[in-house]
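Numbering (the working numbering), first residue to last: 730 to 883.
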């Protein structure tokens, strides 16, 4: 008998402890496919503008971390949306760069959509995209209203 364990078919058994789960291939979406309060989006977009809206923290204290939040207008050939960048993400989202955003979510702010990436997502700066951004379809300008639908009882 050989040193490797085998099952009744004569094939060696695979060790399950070292096997990694199969990674899913990312499904890239376009900006116009984004819907309110959804998550898990992967998309490629160009950064059109970046405005810092909040800067907190003092540089005198080493233990205190600075908090920076910027609203960046990003888009692709189907439309644009405002991306809320936090801390290190602000440095990656410079106007004119093309980024791949992975595992993004839609946050609702005053009834409008904002794209964001939390600790489970990732932003990668990539080579410049060849598409022209459709700037007249800004999804962050569309206001949504939460409507409760009451069930009718017979």
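All C-beta atoms in this analysis are idealised placements derived from N, C-alpha and C, irrespective of residue type, glycine included.
Suppose contacts are defined by Cβ-Cβ distances below 8 Å. Is residue i in contact with residue j by that definition?
i: residue 782; j: residue 798; result: yes
i: residue 714; j: residue 832; result: Any answer about residue 714 is impossible in this case: the structure gives the chain only from 730 up to 883.
i: residue 780; j: residue 806; result: no
i: residue 854; j: residue 818; result: no
i: residue 813; j: residue 851; result: no
i: residue 752; j: residue 810; result: no
i: residue 761; j: residue 866; result: yes
i: residue 840; j: residue 880; result: no
List the residues that DSSP assigns as beta-bridge partners of residue i.
i: residue 867; result: 809
i: residue 880; result: Partner(s): none; residue 880 has no beta bridge.
i: residue 853; result: 829
i: residue 757; result: 771
Do you know whose CA, among the options, lies nearest residue i's CA?
i: residue 862; options: 767, 827, 879; result: 827
i: residue 804; options: 851, 869, 876, 878; result: 869
i: residue 766; options: 834, 818, 758; result: 834
i: residue 756; options: 829, 844, 802; result: 829
i: residue 859; options: 764, 825, 874; result: 825
i: residue 874; options: 838, 857, 762, 809; result: 838
i: residue 796; options: 820, 836, 758; result: 820
i: residue 784; options: 816, 754, 836; result: 816
i: residue 823; options: 848, 857, 808; result: 857
i: residue 848; options: 754, 769, 750; result: 769
Those runs of the alpha helix (DSSP H) which lie wholly inside the region 763-847 and span at least 4 residues: Fully enclosed alpha helix (DSSP H) runs of 4 or longer: 817-821.
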